[in-house]
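Before any comments, here is the structure.
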Amino acid sequence: MKLKISVLFLIYSTLLIVIILTLFSIKSKVITQNKELNWLNSQISQEKNNIQILKAELAYLTTPERINKLQKKYLNLKNIDKSQYQTLDE
Amino acid sequence: MSSIKIIYTNETSDCEVIQTSRRRIQIAFFSMFIILLTLILRIFDLSIFNYSDLQSIIQDENKINIRNNIVDRNGIILASTLPTASAYIYPKHFTNSSQSLKSISKVIDINITELEERLIKNKHFIWLKRHLTPLEQQALHNLGIPGIHFVDDQKRIYPHKNLFSHLVGLVDIDNNGISGLESSFNEHLKDPTKTDIQTSLDTRIQYIVKQELNNVVKLHDAIGGTAIVMDVNTGELISSVSLPDFNPYDTREISNKKLFNQATLGVYEMGSVLKALTLAIGIDSNEINLSDSFDVSTPIKIDTYKIKDYRGGKGGILSIPEILMYSSNIGVAHIIKEVGITKQKEYFKKLGMLTKINIEVPEKSNPIFPTDRRWKELRSITMSYGHGISMTPIHLIQTFAAIVNNGILRKATIIKDKNNESSGKQIFKPQTSSLMNKILRLSATKGFAKRANVDQYLVGAKTGTAEKIVNGKYSKKLNIALCAAAFPINDPKYAIVILVDEPKQNSINHGFATGGMVAAPVVSSIVSKIAPILGLVPIDHNDPKISKALYVNYKPMYKRFAKR
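The following block contains the structure:
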């Protein structure tokens, strides 16, 4: 009877220790992966910010006002004329 | 002796001692087991059940709510947000303030005396400067002054500056919308789960329209003006310019005049442009037809008031198209007499001219129109040629678009794809609309709106001049020059309204600060520039097919202009 109890106790306690250890390792893994996730998330938001900045920059560079100035300086384009159109059957 | 006795007496209790000690061990073991169990449960609790809580906290920290963009119909950014940093002072750590402030002022632009005052008053928190540039932030950081801290901030930017200032609107320093789309879609723009707002405006068209309007305002020394281009098939505004405008970056000293969006907030008497509407109502209600003609040689007298024509009533008898072509007040007065007040009111109501416009900005005005008691014969006649009723230019373009677009009224919008096919309301019969288009084309080729004409895009137009009301009286000198047009008129796709506020008489307009002289040429120059961008192919107006489609069977009776 006494032996039975002590064996049972031994089994239970080892099981307990094993469970605690696995739980601990799982948790520590989760923590490291969470850190990684955080880092990636912050990286994503930073990249998004950068894209936002670049888009704004592009919008500045392609304002009609600026393009018009540049074309006057380098290309001197003129408005399209009726004679420049041709239909396919002509 | 006595000790032996004790052993004896304890012999029976020996068992009890062991039993109690056993019980104690059991209790200790049991309590230890309970503690262990709670610990295990706690581990489970932390690692499994609380996991989601932990995650959500992390996510909350990561979230930086960047305000969504406003873009044009092609995705070009009209308003965007840049992440910036703002610097603040924690006064308790900020020692040697005057010395430090001096060195800060070398790096960034600050007001030292004001900051010193605030440092005395506030002991916990003072903004040093909002929205630093990265260079400024680095320079400030390099100074190494204790007590200066940075927080993440964001700044709204408008790459096109003045170009969309009225419609896009403004935000305050904390990025809350205070006018225009920024205000009406404030919640949507703040919500990170929602996407950008796509307007129906086109940056390229807007730029051209603004340039042309700006030129004409300068040319005739006007105080302002507005120009609107609308897609008649969807009700979407492609462009809406109001001058004078403002620079959204420099909002401290803007006058109210500049902040005022004349397209949505300004109410004006629209003058002769409304004659097109009167004619459409007349034709649609079958009260007049093409073969009718009216004698416009004698002014109409109502009580003490005389309805006269602008350049004297020498027209004699005019056919229906000629009344519009040569803009006869007396002519439309006769038409509206045939139509009657009830029908006029009914059409005005159906066209939404008596209610606020639906456009998505908060700056909107109510039209001004007479009450039922005052809507009598005289008022009905003056309204037939655009006096006695005031509305916004958006009202006008909406109405004009309904006349040319098979009679379907679509509410003006600046949001892309908001109106669908079914959202239109049939106001006029399609036949009325197609006849009106032909008459509008005549007005642009032979009538007063000649200067609005561009032959290869078949412009149909009606001009108007309204006298401004100064101190309750019509001013002979202060005018509003107007022109409403649609193109290509054989199958209208776009409508334009030009309004020039107070053009002065000068040598360029030969002393006529009128719609035909001032506003009509703007239509012509805008159409010839924007039509290729809008993908319209030039049309040969001499093509027999086109001439036949636009042919109006009427008998020209106008003498004075026939000679010219």
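Protein chains in written order, with our numbering: chain A, 1 to 90; chain B, 1 to 564.
We treat Cβ as the ideally placed atom computed from N, Cα and C, and that holds for glycine.
For this session: State the CB to CB distance for the pair B:L409 and B:A402, rounded to an integer number of angstroms; the pair is presumed to be in contact (CB under 8 Å).
Result: Locating residue 409 of chain B in the second sequence gives position 409, where the first residue counts as 1. Locating residue 402 of chain B in the second sequence gives position 402, where the first residue counts as 1. 4 Å between Cβ atoms; contact.
For this session: Below 7 Å CB to CB, which residues in the same chain sit around B:Y305 once its five sequence neighbours on both sides are set aside?
Result: Here residue 305 of chain B is taken as the residue at index 305 of the second sequence, counted from 1. If we look at B:Y305 and ignore the five residues flanking it on each side, its Cβ neighbours are L378.
Problem set entry | Same chain, Cβ closer than 7 Å to B:I223, five either side skipped, listed in chain order | One-based indexing of the second sequence puts residue 223 of chain B at position 223. Same-chain partners within the cutoff: D501, E502.
For this session: Answer yes if the stretch 223-239 of chain B comes into contact with the stretch 186-204 of chain B, meaning at least three C-beta pairs across the two stretches below 8 Å, and no otherwise.
Result: yes
Problem set entry | For B:A227: DSSP bridge partner residues | Residue numbering aside, residue 227 of chain B sits at position 227 when the second sequence is read from its first letter. B:V241, B:I498.
Problem set entry | Between the CA atoms of B:D72 and B:D284 - distance to the nearest angstrom | For the purposes of this step, residue 284 of chain B is taken as residue 284 along the second sequence, with counting starting at 1. For the purposes of this step, residue 72 of chain B is taken as residue 72 along the second sequence, with counting starting at 1. Taking the straight line joining both Cα atoms gives about 37 Å.
Problem set entry | Residues in the stretch 41-61 of chain A having any Cβ partner in chain B nearer than 7 Å | N41, S42, S45, N49, Q52, I53, K55, A56, A59, Y60
Exercise. Ordered along the chain, which non-local residues of its own chain (more than five positions away) have a Cβ less than 6 Å from that of B:I496?
Worked result: If you number the second sequence from 1, residue 496 of chain B lands on position 496. For B:I496, where only same-chain residues beyond five positions count, the Cβ hits under 6 Å are V229, A485, V523.
Problem set entry | Three-state class that DSSP yields for B:S100 in the structure shown | Numbered from 1 along the second sequence, position 100 holds the residue referred to as residue 100 of chain B. Reduced to three states, the DSSP call for B:S100 is helix.
For this session: Would you mind stating whether B:H93 and B:P159 have Cβ atoms separated by less than 8 Å?
Result: The count along the second sequence starts at 1 and reaches residue 93 of chain B at position 93. The count along the second sequence starts at 1 and reaches residue 159 of chain B at position 159. No; because the gap between Cβ atoms is not below 8 Å, this pair is not in contact.
Exercise. So B:E269 and B:S390 are in contact, right, with Cβ under 8 Å, and what is the actual spacing, rounded?
Worked result: In the second sequence, counting from the first residue as 1, residue 269 of chain B sits at position 269. In the second sequence, counting from the first residue as 1, residue 390 of chain B sits at position 390. Rounded, the Cβ-Cβ distance is 5 Å, consistent with contact.
Exercise. With contact counted as at least three CB pairs below 8 Å, one residue from each stretch, are the stretch 241-249 of chain B and the stretch 213-220 of chain B in contact?
Worked result: yes
Exercise. Within 8 Å (strictly less), CB to CB, does B:K545 reach chain A?
Worked result: Reading the second sequence from its first residue, position 545 is the one you call residue 545 of chain B. So, not an interface residue.
Exercise. What's the gap between the Cα of A:L10 and the Cα of A:I31?
Worked result: Looking up residue 10 of chain A in the first sequence gives position 10. Looking up residue 31 of chain A in the first sequence gives position 31. Near 31 Å, if we compare the C-alpha coordinates of A:I31 and A:L10.
Exercise. Going by other Cβ atoms of all chains shown within 10 Å of its Cβ, with 16 needed for buried, is B:N419 buried or exposed?
Worked result: Numbered from its first residue, the second sequence carries residue 419 of chain B at position 419. It is buried - the Cβ of B:N419 has at least 16 other Cβ atoms within 10 Å.
For this session: Take every Cβ of the stretch 501-521 of chain B, pair it with every Cβ of the stretch 419-435 of chain B, and state whether three or more of those distances are shorter than 8 Å.
Result: no
For this session: Note down, in chain order, each residue of its chain lying with its Cβ closer than 8 Å to the Cβ of B:H188, except the 5 sequence neighbours on either side.
Result: If you number the second sequence from 1, residue 188 of chain B lands on position 188. Closer than 8 Å at Cβ, skipping near neighbours: N68, K194, I197.
Exercise. Ends of the alpha helix (DSSP H) at B:K194?
Worked result: Along the second sequence, one-based indexing puts residue 194 of chain B at 194. Segment: none, B:K194 is in no alpha helix (DSSP H) and carries neither H nor E.
Exercise. What whole-angstrom Cβ distance do B:L354 and A:I53 have, given they're in contact under 8 Å?
Worked result: Within the second sequence, numbered from 1, the residue matching residue 354 of chain B stands at position 354. Within the first sequence, numbered from 1, the residue matching residue 53 of chain A stands at position 53. Their Cβ separation, rounded to whole angstroms, is 48 Å, which puts B:L354 and A:I53 out of contact at 8 Å.
Exercise. In its own chain, which residues sit with a C-beta less than 6 Å from the C-beta of B:N247, not counting the 5 before and 5 after it?
Worked result: Counting from 1 along the second sequence, the entry for residue 247 of chain B is found at position 247. These residues qualify, in order along the chain: K161, N162.
Exercise. What does DSSP give as the partner residues of B:V171 in its beta bridges?
Worked result: Position 171 of the second sequence, counting from 1, holds the residue named residue 171 of chain B. According to DSSP, which records beta bridges pairwise, B:V171 is partnered with B:G177.
Exercise. Mind checking if A:T22 is an interface residue toward chain B, Cβ cutoff 8 Å exclusive?
Worked result: Residue 22 of chain A sits at position 22 when you count from the first residue of the first sequence. Cβ-Cβ to chain B under 8 Å: no for A:T22.
Exercise. In angstroms, rounded to a whole number, what distance separates the CA positions of B:L440 and A:S83?
Worked result: In the second sequence, the residue the question calls residue 440 of chain B occupies position 440. In the first sequence, the residue the question calls residue 83 of chain A occupies position 83. Approximately 26 Å between the Cα atoms of the pair.
Problem set entry | Simplified DSSP state of B:D399, which is helix, strand or coil | Within the second sequence, the letter at position 399 stands for residue 399 of chain B. The sequence as given places Thr at residue 399 of chain B; Asp does not occur at that position. Here B:T399 sits in helix by DSSP.
Exercise. For B:F487, which residues does DSSP report across the bridge?
Worked result: Taking the first residue of the second sequence as position 1, residue 487 of chain B is located at position 487. Answer by DSSP bridge pairing, in chain order: B:Y494.
Exercise. Between the C-alpha atoms of B:V151 and B:L143, what's the straight-line distance to the nearest angstrom?
Worked result: Against the second sequence, residue 151 of chain B aligns to sequence position 151. Against the second sequence, residue 143 of chain B aligns to sequence position 143. Looking at the two C-alpha atoms, the distance is approximately 17 Å.
Exercise. From the DSSP output, which residues share a beta bridge with B:E467?
Worked result: Mapped onto the second sequence, residue 467 of chain B falls at position 467. Bridge partners of B:E467: B:N479.
Exercise. How many angstroms separate the CA atom of B:I70 from the CA atom of B:F125?
Worked result: Working through the second sequence from its first residue, we reach residue 70 of chain B at position 70. Working through the second sequence from its first residue, we reach residue 125 of chain B at position 125. Approximately 34 Å, taken between the alpha carbons.
Exercise. Counting along the chain, where does the beta strand (DSSP E) carrying B:H334 start and finish?
Worked result: If you number the second sequence from 1, residue 334 of chain B lands on position 334. Not the beta strand (DSSP E): B:H334 falls in the alpha helix (DSSP H), residues 329-339.
Exercise. In this structure, does DSSP put B:P83 in helix, strand or coil?
Worked result: Mapped onto the second sequence, residue 83 of chain B falls at position 83. Of the three classes helix, strand and coil, the one that applies to B:P83 here is strand, per DSSP.
Problem set entry | Whole-Å CB distance - B:M325 paired with B:S443, under 8 Å assumed | Within the second sequence, the letter at position 325 stands for residue 325 of chain B. Within the second sequence, the letter at position 443 stands for residue 443 of chain B. 5 Å between Cβ atoms; contact.
For this session: Establish whether the CB of A:Y85 and some CB of chain B are separated by less than 8 Å.
Result: Sequence index remark: in the first sequence, residue 85 of chain A carries index 85 (1-based). Yes, its Cβ sits closer than 8 Å to a Cβ of chain B.
Exercise. Under 8 Å between C-beta atoms, does B:Q456 make it to chain E?
Worked result: Included in the structure are the protein chains A and B, with no chain E among them.
Exercise. Cα-Cα, which of B:I110, B:S31, B:L36, B:C15 is closest to A:L16?
Worked result: Within the first sequence, numbered from 1, the residue matching residue 16 of chain A stands at position 16. Cα-wise, what sits closest to A:L16 is B:L36.
Exercise. Between the stretch 472-486 of chain B and the stretch 262-279 of chain B, do three or more beta carbon pairs fall short of 8 Å?
Worked result: yes
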